[in-house]
Each structure stands twice: as structure tokens, then as C-alpha cells.
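The structure appears right after this line, and notes come after that.
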Amino acid sequence: MFSFAPSAFLSGASALSPALALAFAVAAIPSVPVRADWRIEDQSPAQSPDSPLVIEKKIVRPAGENGLFSSRRIDLVWFHAADFTFQVIDNGPAGTPRYPGLGAAMRAHGCLAGCNGGFFLKNHEPSGLMIADGTALGRFGKGALLSGVVLSSGNRNPYLLRRAEYDKGKYKATDLLQAGPFLVDEGVAVRGLSGEKSRRRTFLLHDGGKWFAFGLSDAFTLAELGDLLARSDFSPSRKIHRALNLDGGTSSGLYYERGGAREPHLVEPYKTVRNFIGIVPRARPR
Numbered sequence: 022m023f024s025f026a027p028s029a030f031l032s033g034a035s036a037l038s039p040a041l042a043l044a045f046a047v048a049a050i051p052s053v054p055v056r057a058d059w060r061i062e063d064q065s066p067a068q069s070p071d072s073p074l075v076i077e078k079k080i081v082r083p084a085g086e087n088g089l090f091s092s093r094r095i096d097l098v099w100f101h102a103a104d105f106t107f108q109v110i111d112n113g114p115a116g117t118p119r120y121p122g123l124g125a126a127m128r129a130h131g132c133l134a135g136c137n138g139g140f141f142l143k144n145h146e147p148s149g150l151m152i153a154d155g156t157a158l159g160r161f162g163k164g165a166l167l168s169g170v171v172l173s174s175g176n177r178n179p180y181l182l183r184r185a186e187y188d189k190g191k192y193k194a195t196d197l198l199q200a201g202p203f204l205v206d207e208g209v210a211v212r213g214l215s216g217e218k219s220r221r222r223t224f225l226l227h228d229g230g231k232w233f234a235f236g237l238s239d240a241f242t243l244a245e246l247g248d249l250l251a252r253s254d255f256s257p258s259r260k261i262h263r264a265l266n267l268d269g270g271t272s273s274g275l276y277y278e279r280g281g282a283r284e285p286h287l288v289e290p291y292k293t294v295r296n297f298i299g300i301v302p303r304a305r306p307r
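With the sequence shown counted from 1, adding 21 to any position gets you this note's numbering.
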């Protein structure tokens with residue numbers, strides 16, 4: 022770390038003037054990359070009258086750039102917790118996956134929307150704890166990549182929690198995934214996120230109330246995406262309270278039904294993933 026000591030600028034019995042010393046000090050401070058200022062253009066489609074989902078499409082580019090390749094896309098698929106809850110789908114081992122892809126898994130389980138799930142190990146076992154349809158696999162883990170917990174409690178209530186907030190006895194999860202890191206918490210971008218390695222990203226959002234969303238973005242660093250999602254002008258109708266990063270890069274994928282007779286929107290992951298997370302109509306109280 023750079024530190025400035027005025028004595029370093031002394032010569033014999035005399036010293037530089039305060040103004041000149043300050044000029045030398047400023048010149049000696051290492052340059053720090055300046056965070057990009059983004060322009061956000063909303064290109065969201067009209068809401069389908071026969072779909073309970075709310076679709077948002079954002080085109081983002083650094084301020085002052087207008088080139089063909091300067092824009093990046095972010096898709097959001099919002100759903101209401103009164104109508105839907107999360108379902109975790111286990112895709113099985115890499116050598117014998119249960120589904121040929123995201124779209125097939127969503128259709129097989131009657132999911133209106135969904136994406137790829139959490140991280141997995143080299144042997145294709147889930148990283149952290151996974152509960153799919155009541156069956157648990159893996160262990161409840163620690164670390165930034167497992168700092169978030171996505172779950173459905175009793176096939177009814179969806180939650181997006183911090184690891185420390187999760188209580189097995191309280192939530193009685195029927196479906197659960199660990200993932201991370203958090204990009205936004207309490208409406209503020211999380212500090213210390215990596216500013217390196219721009220990649221496609223998949224993530225989950227919560228507005229702090231009853232609305233949740235799946236998200237898929239073009240290549241961003243974690244720090245860039247956290248800053249964007251925390252902006253008040255990014256999604257003005259639903260301020261983002263929490264955003265959790267899922268597995269990204271070549272694992273990224275997104276599916277949602279567009280309503281009517283139209284084909285679903287589908288971006289398949291490039292590689293075979295261990296699990297998916299979708300939404301299904303929540304169980305009604307008996």
C-alpha cells in the first residue's frame with residue numbers, strides 16, 4: 022500500500038513548500054481504475070396479458086460509447102411469491118445427465134421459468150447443500166461462493182437468504198441451493214467483489230417483498246454487475262434488495278414461457294450442469 026511521508030521530500034535543512042509537496046504526493050499516488058458510468062436503456066417487451074411473469078430487458082453501455090459492440094444485455098424474469106415458488110431440479114452425474122438441457126428440465130417439471138443452478142465440483146457433485154424434491158445431497162458449506170441460500174419452504178414460500186439466516190428447523194426446505202457471492206444486499210452493492218474476469222452471469226433477485234426474479238447478463242465482472250443492479254434507475258418499478266450470483270460463464274442459461282402460442286424464450290447452457298432452479302405454482306394450504 023502506498024503511504025506518503027512529508028519527510029521524504031526534505032532536502033538538507035530546508036523543505037518543499039506545502040503546495041509543491043502536495044503536488045508531488047498526488048503525482049506519486051498510484052492510479053486507480055475509475056468505475057464505469059453506465060447508460061441504461063429499457064427495451065422491455067409489452068406485458069403479455071395471459072402471462073403472470075414480468076419480463077424486463079435492459080441494454081447497458083458505458084457512458085460515451087456508442088459502438089456496435091459496446092452494448093450489453095441483461096434479461097430479468099420477475100414472478101410473485103403469492104403464485105410461485107422455487108423448485109430445484111437435480112440433473113444427475115455428468116456422464117448420465119437426466120435431461121438434455123435446461124429447456125427439457127423446465128418442461129418436464131412444469132416450470133414457467135428458470136435457469137441453471139449453483140456451482141458444482143470437478144466430479145460433478147454439487148458445491149454445498151442441494152435439496153431437490155425433498156432429497157438432500159452434499160453438505161451445508163461455507164465461503165463466499167456458498168454465502169446465499171435459495172429455498173422453497175414446504176413447497177410454498179420462496180426465500181433468498183444469507184447463510185447465517187438459514188435455520189433448518191424453521192424453514193423446512195423441500196428445495197434448496199447454496200450459491201454466491203451476493204452482488205447486492207439491503208439495496209447496496211456488496212463491497213470487495215472482483216473487478217476481474219468479465220463473464221456471462223446468471224443471478225437471482227429479490228425486491229425485499231413478494232417479487233423475485235431470474236436474471237441473465239452478457240459478460241460483466243462481479244463488481245460491475247453489483248454496481249449496476251444496485252442503481253435506483255436500473256429497475257425503477259422494483260428496487261433490488263438482494264442479488265445472488267449463481268454459476269456463470271458457460272453454465273449460464275435462462276428459460277421462460279412468453280404466454281399464448283409463442284415459443285418459450287430459451288438460452289441453453291453451453292455445458293452440462295449439475296442442477297437447475299425453476300418456478301412452479303406454489304402448493305395451496307389444505
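For every residue, glycine included, the Cβ atom is placed at its ideal position computed from N, Cα and C.
With contacts defined as CB atoms closer than 8 Å, residue 175 and residue 193 qualify as a contacting pair.
Nearest Cα to residue 59 within the set 294, 138, 180, 249: 249.
Here residue 112 is buried, its C-beta having at least 16 other C-beta atoms within 10 Å. Segment contact: the stretch 67-87 against the stretch 184-201, fewer than three CB-CB distances shorter than 8 Å; contact not assigned. When only Cα atoms are considered, residue 77 and residue 292 end up about 26 Å apart. Residue 266 has its alpha-carbon roughly 16 Å from the corresponding atom of residue 162. For residue 164, the closest alpha carbon among the candidates 61, 184, 285 is that of 184.
Non-local C-beta neighbours of residue 107 in its own chain, meaning closer than 7 Å and more than five positions away in sequence, comprise 171, 172, 173, 179, 196, 298, 300, ordered along the chain. DSSP places residue 245 inside the alpha helix (DSSP H), whose first and last residues are 243-251.
Distances from the alpha-carbon of residue 126 to those of 294, 304, 302 put 294 closest.
Ranking 148, 153, 110 by CA distance to the CA of residue 160 puts 148 first. Per DSSP, reduced to three states, the secondary structure at residue 260 is coil, with no helix or strand assignment. The beta carbon of residue 182 sits closer than 6 Å to those of 170, all from its chain and outside the five residues before and after it, given in chain order. Judged by DSSP in its simplified three-state form, residue 276 adopts strand. Judged by DSSP secondary structure, residue 200 falls within the beta strand (DSSP E) whose first and last residues are 194-200. Classified as exposed, residue 156 has fewer than 16 neighbouring CB atoms from the shown chains inside 10 Å of its CB. Straight-line spacing of the CA atoms in residue 101 and residue 86 works out to 36 Å. By the CB criterion at 8 Å, residue 234 and residue 220 fall outside the cutoff.
One alpha carbon belongs to residue 253, the other to residue 117, and they sit about 44 Å apart.
Each of 63, 124, 143, 129 was checked against the Cα of residue 136, and the nearest Cα belongs to 124.
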